[in-house]
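Participant: Here the sequence shown is numbered in my numbering, starting from 731 and rising by one per residue.
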Amino acid sequence: MFDKPYDPKLAEPKIYEKWLKSGYFNPDNLPGKRSKNYIVYMPLPNITGSLHMGHALDNTAPDILIRYHRMRGRRTLWLPGTDHAGISTQYVVEKELKKEGKSRFDLGREKFIERVWEWKEKYGGIILDQLKKLGVSADWSRTRFTLDPAYAEGVKKAFLYYYKKGWIYQGLRTVNWCPRCGTSLSELELEYKDEKTFLWHIKYADGLIVATTRPETMLGDTAVAVNPKDKRYSKWIGRKITLPITEREIPVIADKAIDMDFGTGAVKVTPAHDVLDFEIGQRHKLETIQVIDERGRMSAQAGEYQGMKTEEARQLIVARLKNEGRLAGEEPYEHRVAVCYRSGNAIEPIPSNQWFLKMGELAKMALAAVKTKKVKIQPKNFERSYFDWLGNIRDWTISRQIWWGHQLPIWFCKKDLVVTSGSVGSYKDDDSFKEDGKKRIYFQFADKFIVAENKPKQCPFCKNCKMERAADVLDTWFSSALWPFAGLSEADVKKYYPGDLVSNAREILNLWDARMIFSGLEFKGEVPFKNVLIHGTILTKEGKRMSKSLGTGIDPMHYINQFGADATRFAVVWQATQQDIRWDETAVTAGRKFANKIWNASRFVLENKPSRINADFNGLKQIKNLTPADKKIIAAAASIKKKTEKYIETFEFSKALRGLYDFFWHDFCDTYLEKSKAQLQDEKTSESTKQILNLVLRESLKTLHPFLPFVTEEIWSHLPDKNLLIVTEW
C-alpha cells in the first residue's frame, strides 16, 4: 500500500514529471478519438514577474476547465507564453543599471537591448517554472515569447496591414506622458491615486472667475470655456479676456464638454496639458502652447519659471496672484490624479508626435461581438465597463519612446527628418544624437517616410540618404492583442483557432480582452474565444489591495512549498473566484487537511478490494440486497457528479468544490465509510460494499481531479487502471 501520510513535497514533483513525460498536455498526443476542441489562452505573465496571488487565480480556474474537458474527451490546448512587457521590463533593467552608476543612454540602444535579453534569459522563465509547481497543465511545447522571431513577424505584418488600410497615422496630439519612463502611455496604462490639494479661484482682469487645480498650466491657456447651457456666462461667450500674468488676450468659448457644477462653471483651457482640453482646442481651432516639457519641468515658453518643477512653479504663481489681487479664493479639494502604472510618477499630459491606430471600426466590431453574445463576459456585470470604454473610445496611441519592444517598421528620409529633443528622468547631458549612445530622448517627425518590412535599399525621396528607422516601439498591448493566433504556428491556427476561453483580472478587460476580440475579428474573421472569465481580486485580511512595495503582498510559493499545490489551489477556489475576497490562509490548512482526508479514506477503500469492479452506478443498482446506506451513497455520488459538471461549465468553481468537499467528507467518509465497517463483516453485504466503496472512490477521484490534481493522480496510480487519471474518461 501507499505510504502514510501523504507528503506533497515529495509526491508533487514526481507526479508533474510523470504528466510531462506522458505528453498529454499536448493536444496532438491525447489518446482516443477527440473530435471537439477546448482551447484556453493563458494571460501572458510579464518576464519581470514571479508568481503572485493574481497569477494563482488567473491560472487555477483555467486549469480546472482544461483538466475537466480533457477528461470529457476534448482535444484540449492551453496555450502558454510570456510577454516582453516593454515598459515594465525596461524599467527593471534600468534600475539594475542604476546600481552600476549607468543609464541606458550610456550603453546605447543596441548594447542596452543585449543587456535586456541577458536579463530575460536569466529571469524570464521563473514564473513559468512556478506555474508548473501550481499544477498548470499547459502545453509547454508550444510556449511562445512575444519577441520570438515568428511572433515579431506577425506583429510587423499586423502593423503593415493596419497602415495600408489607412488606420495608422502620425499626428501631434496631447498624450499621457510619464516623465520618469520618458514615454507616452495609453489611458488604460494609467493608475489613479487620491490627492489632497486646493481648488484656486482666479480673478481675470475683466472680472471673470475661473477655478483650477493646476494654476501653473495657466501660462499655456488659450481660452476660457463655459457650457453653452450655463446662463450665468451667456454674455461672456465670444468675448476676449486678458489672461493674468501673461497679459495675453484669450477668447471665452462655449463647449458642451464643460461641467457646469465644477468650480465656478468657467474653466481654463490648456490644449497642451490636458487631453480633453486638446480635443476642445481642436474643435475651436485654439493655439497649443506647451509650458511643461518631457521632464515634467516648466519649458522655455513658461518664461521666468523655465526649468522649475511644476510644484515649485505652482507655489510661486499662486503667491504672485495673491500679491496682484487676482486670487479670489482657495478651497481644500480632493481628487484622483493619474500616475504611471510602472513608475508611480504623476502623469504629465504634453503635446507629442505619436503614432495612432484609428479605433472607430475596431471598437464597433468589439462592441457587436459582446452585444450579439458571440463573446460572453462572465460575470455579466463587467459588460458595462467594456461597453463604456468602447463607446467613448479615443484613437489608440500605439508608439512608445522606449527601446525594448517591437520597433516600428517605419523609415524616414534623413533630409526631411525633424528631430526634437528633451532630457528624460534626471539626465541632463548635451543634445548628442550620435549613433553610439543618445544622451537624451528625442522625437522624430517627417512627411517623407515609408512603412515597410525591411529597410529600403534606396531612399525613394532624395535617392541618396540612408533612411533612418523610427526609434519608437509599439505599445506592448498591440502585440499581446494578437496572442490567440500569433501565438500559434500557421498549421496550428487551422486546428486550434478560434478558442474557447480567456481568464484574467478585471484590470485588463479593456487593455487586453477587448483588443484580442477586435484583432481576431479583423485578422481572422472570427472572435478568438467564446468566453471572457473575469475573476475577483484577492485582498488582504483587512480588505486592502495586495502590494509588494507596501509589504502586503502574499507569495503563493510560500504556501505551495509548505502545504502543497493542491492545498493552495483549494484555498484559492474555496474562497470564490468571481468575487473580491479577503485572503484567509486558514483555507490553505483546510485544503491540506482535505487532501489528507482523501488520502486516508482511499487507503481504507483500497484495503477492501472487491473481486470485480463495476464500471458505473447503473451496475451497482443491479446488486441485490442493497442497504439503505448503499442506496443513499449511490444516489448522492451520482447527484454530486451532475452538479459538479453543471458548476464547472457555468464557471462556479467555488460551488463545485464546496459540494465535492461536503459529499466526500460528510456523506462518504463520516457516514458511509463508518457504516461500511459493519457491512464488510457481513457475508451478505461484504462484496457489494467493497464494490460501492471502490466505485464511489473512483468517481470522487475523477470529479476532484480538476481541483486537487496531484493527490488524486497519486491515489489513482494505486488502482488497477492503466491510464493516468489526467486522461481517464470522466
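The C-beta atom is built at its ideal place from N, Cα and C for all residues, glycine as well. Since the model is a prediction, treat every value here as computed from it, not as a measurement.
Please determine if the stretch 1288 to 1299 and the stretch 1261 to 1273 are in contact, where contact requires at least 3 C-beta pairs separated by less than 8 angstroms.
Facilitator: Because the criterion of three Cβ pairs below 8 angstroms is not met, the stretch 1288 to 1299 and the stretch 1261 to 1273 do not touch.
Participant: Please tell me whether ILE1132 and PHE1208 are closer than 7 angstroms, where the distance is taken between their beta carbons.
Facilitator: Looking up residue 1132 in the sequence shown gives position 402. Looking up residue 1208 in the sequence shown gives position 478. No.
Participant: Just the Cα atoms here: how many angstroms apart are LYS748 and ALA741?
Facilitator: By 1-based counting over the sequence shown, the position of residue 748 is 18. By 1-based counting over the sequence shown, the position of residue 741 is 11. Approximately 11 angstroms, taken between the alpha carbons.
Participant: On the three-pair Cβ rule with 8 angstroms, is the stretch 1027 to 1043 touching the stretch 1054 to 1063?
Facilitator: Touching, no, given that fewer than three Cβ pairs across the two stretches are closer than 8 angstroms.
Participant: Contact defined as beta carbons within less than 8 angstroms: I believe ASP1397 pairs with ALA1368. What is the distance between those atoms, to the nearest angstrom?
Facilitator: Residue mapping note: residue 1397 aligns to position 667 of the sequence shown, counting from 1. Residue mapping note: residue 1368 aligns to position 638 of the sequence shown, counting from 1. Incorrect: roughly 12 angstroms between the Cβ atoms, too far for contact.
Participant: Pairing CB atoms from the stretch 825 to 833 with CB atoms from the stretch 808 to 817, are three or more of them under 8 angstroms?
Facilitator: As far as the Cβ criterion goes, the stretch 825 to 833 does not touch the stretch 808 to 817, which means the pair count is below three.
Participant: Among residues of its own chain, excluding the 5 on either side of TYR771, which ones have a beta-carbon nearer than 7 angstroms to its beta-carbon?
Facilitator: The residue you call residue 771 lines up with position 41 of the sequence shown. Result list for TYR771: LEU809, TRP1213, PRO1214, GLY1229, VAL1232, PHE1259, in chain order.
Participant: Which residues bound the alpha helix (DSSP H) around ASP924?
Facilitator: Start at 1 with the first residue of the sequence shown, and residue 924 comes out as number 194. Taken as a continuous stretch (DSSP letters only), ASP924 belongs to no alpha helix (DSSP H), being part of the beta strand (DSSP E) at 920 to 933.
Participant: VAL1469 by DSSP, collapsed to three states: which one?
Facilitator: Residue 1469 lies beyond the stretch modelled for the chain, which goes from 731 to 1460, so this question has no answer here.
Participant: Count the CB pairs spanning the stretch 1345 to 1364 and the stretch 1400 to 1412 that are closer than 8 angstroms, and state whether there are at least three.
Facilitator: Touching, yes, given that three or more Cβ pairs across the two stretches are closer than 8 angstroms.
Participant: Using beta carbons (cut-off 7 angstroms, strictly below), is LEU858 in contact with chain B?
Facilitator: No chain B is part of this structure, which consists of one protein chain only.
Participant: Quick one: what's got a C-beta closer than 7 angstroms to TYR893's C-beta in the same chain, skipping five residues either side?
Facilitator: Here residue 893 refers to the residue found at position 163 when the sequence shown is read from its first residue. Within the same chain, TYR893 has close Cβ partners VAL1181.
Participant: Assign HIS1288 to buried or exposed, taking buried as 16 or more other Cβ atoms, counted over all protein chains shown, within 10 Å of its Cβ.
Facilitator: Translated into positions along the sequence shown, residue 1288 becomes position 558. Per the 10 Å Cβ criterion, exposed.
Participant: DSSP state of ASN756, grouped into three classes?
Facilitator: Working through the sequence shown from its first residue, we reach residue 756 at position 26. Residue state, collapsed to three classes: coil.
Participant: So which of ASN1261, PHE755, THR1433 has the shortest CA-CA distance to GLU1113?
Facilitator: In the sequence shown, counting from the first residue as 1, residue 1113 sits at position 383. Answer by Cα proximity: ASN1261.
Participant: What residue ranges within the stretch 871 to 918 form continuous beta strand (DSSP E) runs of no fewer than 3 residues, ordered along the chain?
Facilitator: The qualifying runs are 898 to 908, 913 to 915.
Participant: Within the chosen definition, does the stretch 1009 to 1023 reach the stretch 934 to 941 through at least 3 CB pairs nearer than 8 angstroms?
Facilitator: Touching, no, given that fewer than three Cβ pairs across the two stretches are closer than 8 angstroms.
Participant: Any idea which residues DSSP pairs LEU1204 with across the strands?
Facilitator: For the purposes of this step, residue 1204 is taken as the residue at position 474 of the sequence shown. Bridge partners of LEU1204: SER1129.
Participant: DSSP state of THR972, grouped into three classes?
Facilitator: Counted from its first residue, the sequence shown places residue 972 at position 242. DSSP places THR972 in strand when its eight states are reduced to three.
Participant: Can you give me the C-alpha to C-alpha distance between GLY753 and SER867, rounded to a whole angstrom?
Facilitator: On the sequence shown, residue 753 is found 23 positions in, with the first residue counted as 1. On the sequence shown, residue 867 is found 137 positions in, with the first residue counted as 1. Going by the C-alpha atoms only, they are around 10 angstroms apart.
Participant: Is the CB-CB distance between LEU1454 and HIS1435 below 7 angstroms?
Facilitator: Locating residue 1454 in the sequence shown gives position 724, where the first residue counts as 1. Locating residue 1435 in the sequence shown gives position 705, where the first residue counts as 1. In this structure, HIS1435 does not lie closer than 7 angstroms to LEU1454 by Cβ.
Participant: Would you check if the stretch 1075 to 1085 and the stretch 890 to 908 touch, i.e. whether three or more CB-CB distances between them fall below 8 angstroms?
Facilitator: Cβ pair count under 8 angstroms is three or more, so yes.
Participant: Take ASN759 and list the residues in its own chain whose beta-carbon comes closer than 8 angstroms to its own, dropping the five residues that flank it on each side.
Facilitator: Taking the first residue of the sequence shown as position 1, residue 759 is located at position 29. Result list for ASN759: SER752, GLY753, in chain order.
Participant: How far does the beta strand (DSSP E) with VAL1005 in it extend, from its first residue to its last?
Facilitator: Taking the sequence shown and counting its residues from 1, one reaches residue 1005 at position 275. Premise fails: VAL1005 lies in the alpha helix (DSSP H), 1005 to 1014, not in any beta strand (DSSP E).
Participant: Could you tell me the distance, in whole angstroms, from the CA atom of GLY1389 to the CA atom of THR1374?
Facilitator: The sequence position of residue 1389 within the sequence shown is 659, counting from 1. The sequence position of residue 1374 within the sequence shown is 644, counting from 1. The alpha-carbon atoms of GLY1389 and THR1374 are separated by roughly 8 angstroms.
Participant: Are the beta-carbon atoms belonging to VAL997 and ALA955 less than 7 angstroms from one another?
Facilitator: The residue given as residue 997 occupies position 267 in the sequence shown. The residue given as residue 955 occupies position 225 in the sequence shown. Yes, the pair counts as a contact, with Cβ atoms nearer than the cut-off.
Participant: According to the neighbour-count rule (16 or more other Cβ atoms, all chains shown, within 10 Å of its Cβ), is LYS1103 buried or exposed?
Facilitator: Reading the sequence shown from its first residue, position 373 is the one you call residue 1103. LYS1103 comes out exposed.
Participant: If I measure Cβ to Cβ from ILE745 and keep anything under 7 angstroms in the same chain, skipping five residues before and after, which residues do I get?
Facilitator: In the sequence shown, counting from the first residue as 1, residue 745 sits at position 15. So the qualifying residues of the chain are PHE1440, GLU1443, GLU1444.
Participant: Counting only runs that start and end within the stretch 795 to 847, where is the alpha helix (DSSP H) found for 4 or more residues in a row?
Facilitator: Counting only runs of 4 or more, we get 816 to 829, 834 to 837.
Participant: Based on the DSSP output, what are the partners of LYS998 in its beta bridges?
Facilitator: Start at 1 with the first residue of the sequence shown, and residue 998 comes out as number 268. The partner list for LYS998 (beta bridge, DSSP) reads VAL954.
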